[in-house]
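Right, one structure below, let's go through it.
In the working numbering, the protein residues as written are 50 to 243.
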């Protein structure tokens, strides 16, 4: 849901589903929970459809209730990997990473860095990113959804290349220019090979 609803792409909001309560802070790119166990349970059930998202102010009263935190990128990646095969197809648009994701504990996922490097180099369609990643297709698709949900995977803008400007002709300095410049500042040129 965080990957698809524009109003959840910024700000701070509480996310609640049954017993799960987390705070998502897009500005700091962090997820907060009352405990590590609470956060892990929320990751496990992130694919449930009954999550409610409520805008919140990041006041001390709110954040004091949430003592444990994790990077938003890592939270989404771990949640996605726990739900591989449960994602719809991501539209086959061209995507690129806007930043290197903070993957934290997910760094031991095979080929995750190859997928990240691919998406940092140049915009790729979803199908190309999955095919070139070296990962299982469903796992790669889950990671793409995770990166989109965390906000680092952006749709690449189609831009027409700017017309090439003619390069200005380089003018060579006149012989002795460097010597004149050095003399002006009171420096003596060395007489190597003279």
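Ideal Cβ positions, reconstructed from N, Cα and C, are used throughout, including at glycine.
Computed from a predicted model, the values in this text were never measured in an experiment.
*For residue 141, is the beta carbon positioned less than 7 Å from some heavy atom of the ligand COA?*
Absent from the structure shown: the ligand COA. Ligands present: none.
*asked:* Helix, strand or coil for residue 95? Go by DSSP, reduced to three states.
replied: coil
_Stretch-stretch touch, CB-based, cutoff 8 Å, three pairs: the region 162–178 with the region 115–124_ = no
*Pick from 193, 158, 103 and 153: whose alpha carbon is nearest that of residue 60?*
103
*In chain order, what residues of the same chain have a beta carbon less than 8 Å from the beta carbon of residue 117, not counting five sequence neighbours either side?*
81, 82, 83, 84, 85, 87 and 88
*Got a sec? Which residues, its chain only, sit under 6 Å from residue 172 by beta carbon, not counting five neighbours each side?*
143, 145 and 205
*Which residue comes first and which comes last in the beta strand (DSSP E) that contains residue 119?*
117–120
*Mind checking who residue 202 pairs with in its DSSP beta bridge?*
146
*residue 92 burial status per 10 Å Cβ neighbour count (16 or more: buried)*: By the Cβ neighbour-count rule, residue 92 is buried, with 16 or more other Cβ atoms within 10 Å of its own.
_I need the straight-line Cα distance from residue 127 to residue 148, nearest angstrom please._
18 Å
*asked:* Mapping the DSSP letters down to three states, classify residue 217 as helix, strand or coil.
replied: Low local confidence applies: a pLDDT of 45 at residue 217 is under 50, so the model's placement there is unreliable, with the coordinate-based value given in what follows. Three-state DSSP puts residue 217 in coil, outside helix and strand.
*Start and end residues, beta strand (DSSP E) containing residue 79*: Residues 79–82.
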